[in-house]
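Those sequence lines, one after another, are chains S and Y.
Be aware that the first sequence starts at 41, since it is given in the numbering used here, and climbs by one per residue.
Be aware that the second sequence starts at 84, since it is given in the numbering used here, and climbs by one per residue.
Have a look at the structure below before the remarks.
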Amino acid sequence: MSTGDPFSLEVGPLPAQADPGADLLTRQDRAALRPPWRQPLALTGVAIIITWIVIAIFASELAPHPPNLQFGPLNASPSHAYLFGTDEIGRDVFSRVLYGARLSLPLAALLVAVAMVIGSTLGSVAGFFGGIVDAIIMRIADLVFAFPGIILALAVAAALGAQLRNAVLAVIVVSWPSYARLSRGLVLAARSSEYVTSAKLLGSSAWRTMWVELRPNIAGPIFVLAALDIGNAVLLLSGLSFLGLGAQPPTAEWGSMVSEGAQNFSSFWIGLFPGLAILTVVLAFNFVGDALRDMLDPRTARMIRK
Amino acid sequence: MSPAGLGRFLARRLGIGAVLVVGITLIAFILTHLVPADPATANLGQSALGDPAIVKAFYHEYGLDKPVPQQYVIYLWKLLHGNLGMSEQSHRAVATDLGQYVPATMELALFAIVISVIVGVGLGVLAAVRRGHPVDGGLRVFSLLGVSMPTFWVALFVFYLFFFRLGWLPSGGRLSPGLVAPARVTGLYTVDALLNGQWPLFVNALRHLVMPGAVLGIFTVGTVLRFTRASVLEVINNDYVRAARAKGLSEWTVIRRHVMRPALLPIATVASLAFGSLLSGTVLVENIFSWPGIGEYAYLSAINLDLPAIMGVSIVVAIIYILINLLVDLLYSVLDPRIELR
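Spelled out as C-alpha cells, the structure:
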C-alpha cells in the first residue's frame with residue numbers, strides 16, 4: 041500500500057550477497073524456516089484474529105448492552121459494572137468496542153479482497169499482453185504510488201462525502217497498485233515458461249491461459265501481500281474515521297470512538313480501549329504476515345533448498 | 084561517473100519527473116472535478132447560497148463556470164508560471180499557503196527521520212549482533228508493535244501523558260503564543276533560531292517539536308530496525324568480516340568499519356522511502372498537535388472541498404517524492420561506486 045507499508049514485498053530486494061552456506065544455518069535460521077503454524081508469534085496472531093472474528097460474530101450475545109443505548113452514568117471510569125467505563129453520553133464503552141469488530145474486520149477484509157482482485161487482474165493483463173496496455177496500466181499505477189496514500193484517500197473520501205462506504209472506496213483506490221506491480225512481475229516471470237507455451241500451442245485463448253494456467257501459479261505471493269495489507273487497511277480506515285471522513289456518529293467504529301475520546305481527556309478510557317482494539321487486530325495480522333513473508337522470502341527459500 | 088553521464092542521468096530523470104507531475108495534476112483534476120460535490124456549498128454561507136448572483140460570482144471567481152477540459156488547460160498554463168490558483172478557504176494564493184506550511188512539515192518530518200534512523204539503526208545492529216538471543220526476539224516484537232500502532236491513538240496518549248498529566252511539554256503549535264518566529268532563512272524554526280543565535284527561541288521551538296516528531300518517528304523506527312538487522316546479517320557472515328575479527332580487531336571496530344559500510348546502502352534506501360511514508364503520517368499527527376503543516380492543510384482543504392489547495396498539495400508532495408527517489412539513486416552511486424546510474 042502506498043501509505044508506506046514498510047514490509048511490503050516490493051520494498052527493496054536487497055543487493056545480492058554471497059549465499060550463506062547450509063552449514064551456516066543456526067538454530068535461529070531453522071526457527072525462522074519453520075512453517076508459520078509452528079512459530080509462536082504467528083500462532084499468537086492467529087489466536088488473536090480468531091478471537092476477534094468470534095467477537096464480531098457473537099457481538100450481540102457477548103456485549104452486555106446495545107452499542108448505542110444511553111443508559112449508564114456519564115463518564116464512569118472502568119469498574120466491575122462497566123468494564124471499559126462509559127462515555128460522555130452514558131454508553132457502555134466495552135459493548136461499543138465489541139460491536140466495532142463488526143465494522144473494522146469485515147470492511148478491511150472486503151477492501152483488501154477487492155483491491156487484490158482489481159490490482160492483480162490489471163497487473164496480470166499488463167504483464168501478459170505487454171506493449172501499450174502494459175505501459176498505460178503501469179503508468180497509472182505509478183501515479184497512484186507517487187500520490188501519498190492518505191492525501192489521495194482524504195481527497196476521495198471528502199469529495200464523495202463523509203461516509204464509511206466512501207472511505208472504503210478511497211482506501212481501495214490507493215491500495216490496488218501494489219497488487220498490480222506484484223502480479224505483473226510474477227506473470228512476466230511465468231509467461232515464457234513451457235506450460236504457458238504449450239497452453240498457447242493447444243489453442244488456449246489469452247484469457248483462458250491467464251485464468252487456468254497463470255492464476256494458480258501466481259496466487260501464493262499475492263495472498264501473502266493481502267495478509268500483510270489487512271493491518272494497514274484497518275489503520276487507514278480507522279484513521280479516516282478518526283478525521284471524521286469515515287464512519288459517522290453514533291456508529292460504533294473504533295477510529296471515530298478514539299476521536300470521541302480525544303474530546304474528553306479526563307475520561308481517558310473512552311479513547312484508550314478502542315485504540316487498543318485497533319492495535320491488537322493490526323498487530324495480529326502483522327505477526328502472521330511477518331511469518332508468511334519469511335517463508336516466501338527468496339533468501340530464506342534459497343536456504344531451504346540447500 | 085563522468086560529469087556528462089551524470090548530466091544525462093539528471094536530465095532524463097527530471098524529464099520523467101515532470102511527466103509524472105503532469106500526470107498527477109491530471110488525476111487530481113479529474114478526481115476533484117468529476118465528483119458529485121459542489122465547492123459552493125462547502126464555502127458559501129446559507130444566505131449566500133440562496134442568492135443565485137453570489138453563487139454565479141463565486142463560480143466565475145474560481146473559473147468553475149468553464150468546461151472542465153478548458154479549466155484544466157488554464158490550470159496547467161498558470162502552473163507553468165508558478166501560479167497554483169487561489170485557495171477558497173484562506174483567500175490567499177495556494178503557493179503562498181504552501182510556502183508557509185511546507186517548511187513546517189519538513190521540520191517535523193526531518194526531526195522524525197533523524198530520531199528513527201538513530202534509534203532504528205542502533206537497535207537494528209544490536210538485534211543482528213544478538214541474533215537469536217531474547218534481545219533479538221524482543222526487538223522483533225517491538226518493531227512490529229511500532230508499525231501496528233494507530234498513529235492518532237499514540238499521539239493522543241503521548242499528548243495526555245506529557246501535556247495533560249505531567250505538563251512537561253507544550254500542547255501544540257510550533258511556538259508558544261506571543262513568540263515571534265525567527266527571521267526566515269530555511270523556514271525551519273529550530274534551524275533559523277540557531278542561525279540567528281536566539282537560544283531561548285530554539286529551546287521553545289524544540290520543545291514544541293519533540294512530541295509530534297517522536298510520535299511520527301515511531302512508525303519508521305520499526306521499519307529502519309528491521310532493514311538494518313537484515314542488511315547487517317547479510318554482511319556479517321562474509322569471509323572478510325571473519326578475517327577482520329581474526330586479526331584481532333575489537334567487535335565494535337569490526338561492526339563499524341567492515342559491516343556497516345556495505346550495510347548502509349539498503350539502510351539509506353529504506354530511510355528515504357520511510358521519509359515518503361512520514362509525509363502521509365503527518366496528516367494525523369499535525370491534526371492532533373495543531374501543527375501548521377501541509378498535512379493539516381490537506382485535511383482542511385479536503386473537508387472544505389478547496390480544489391486548488393488539494394491540487395497544490397498533491398503536486399508539491401509528488402515533487403518531494405520524486406526528488407527523494409532521485410536523491411536515493413545519487414546516494415547509491417556515492418555509497419557504492421560500482422552502481423551505474425542509468
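All C-beta atoms in this analysis are idealised placements derived from N, C-alpha and C, irrespective of residue type, glycine included.
Exposed unless 16 or more other CB atoms sit within 10 angstroms - verdict on residue i
i: D322/Y; result: exposed
i: Y382/Y; result: buried
i: G61/S; result: Confidence in G61/S is poor, its pLDDT being 44 and thus under 50, which makes the residue's placement unreliable; the coordinate value appears in the next sentence. G61/S is exposed by the Cβ-count criterion.
i: D63/S; result: Since pLDDT at D63/S reaches only 46, below the 50 mark, its modelled position is unreliable, and no value is offered.
i: S119/S; result: exposed
i: H164/Y; result: exposed
i: T269/Y; result: exposed
i: L406/Y; result: exposed
i: F327/S; result: buried
i: V213/S; result: buried
i: N206/S; result: buried
i: G243/S; result: exposed
i: D134/Y; result: exposed
i: S333/Y; result: exposed
i: Q288/S; result: exposed
i: I99/Y; result: exposed
i: R421/Y; result: exposed
i: F111/S; result: exposed
i: F308/S; result: buried
i: N370/Y; result: buried
i: Y235/S; result: exposed
i: R221/S; result: buried
i: V197/Y; result: exposed
i: F98/S; result: exposed
Element boundaries [alpha helix (DSSP H), containing residue i]
i: K25/Y; result: Outside the shown range of chain Y, which is 84 to 425, sits residue 25/Y, and nothing can be said about it.
i: S226/Y; result: P217 to S231
i: D148/Y; result: Neither: D148/Y is in no alpha helix (DSSP H) and is coded neither H nor E.
i: W251/Y; result: Element bounds for W251/Y: n/a, residue is neither H nor E.
i: W236/Y; result: T234 to F242
i: G33/S; result: The structure shown does not extend to residue 33/S, since chain S is modelled only from 41 through 346, so no value can be given for it.
i: D389/Y; result: Element bounds for D389/Y: n/a, residue is neither H nor E.
i: V94/S; result: P80 to I97
Beta-bridge partners of residue i, as assigned by DSSP
i: M169/Y; result: A176/Y
i: D132/S; result: T126/S
Residue i vs residue j beta-carbon contact at 9 Å
i: G130/S; j: L150/S; result: no
i: F263/S; j: I110/Y; result: no
i: L183/S; j: G106/Y; result: yes
i: A351/Y; j: L409/Y; result: no
i: V318/Y; j: A288/Y; result: no
i: V399/Y; j: I377/Y; result: yes
i: G301/S; j: D127/S; result: yes
i: A267/S; j: L332/S; result: yes
i: F138/S; j: I93/S; result: First, the amino acid is wrong: residue 138/S is Leu here, not Phe. No, the Cβ-Cβ distance between L138/S and I93/S is not below 9 Å.
i: P217/S; j: G286/S; result: no
i: V230/Y; j: G271/S; result: yes
i: A239/S; j: R248/S; result: yes
i: A195/S; j: A385/Y; result: yes
i: F242/Y; j: S254/Y; result: yes
i: G311/S; j: G225/S; result: no
i: L275/S; j: T234/Y; result: yes
i: A273/S; j: A141/S; result: no
i: A210/Y; j: T311/Y; result: yes
i: P391/Y; j: L114/Y; result: no
i: S199/Y; j: I338/Y; result: no
i: Y272/Y; j: E379/Y; result: no
i: S296/S; j: S281/S; result: yes
- Message: My parser needs the alpha helix (DSSP H) runs of 4 or more residues fully inside the region 216–298 of chain S; what are they?
- Response: You should have 234–241 and 255–282.
- Message: What ranges does the alpha helix (DSSP H) occupy inside the region 304–380 of chain Y, keeping only unbroken runs of at least 4 residues that lie completely in it?
- Response: 322–329 and 343–371
- Query: Going along the chain, which unbroken runs of the alpha helix (DSSP H) with 4 or more residues stay wholly within the region 254–307 of chain Y?
  - Reply: 272–278
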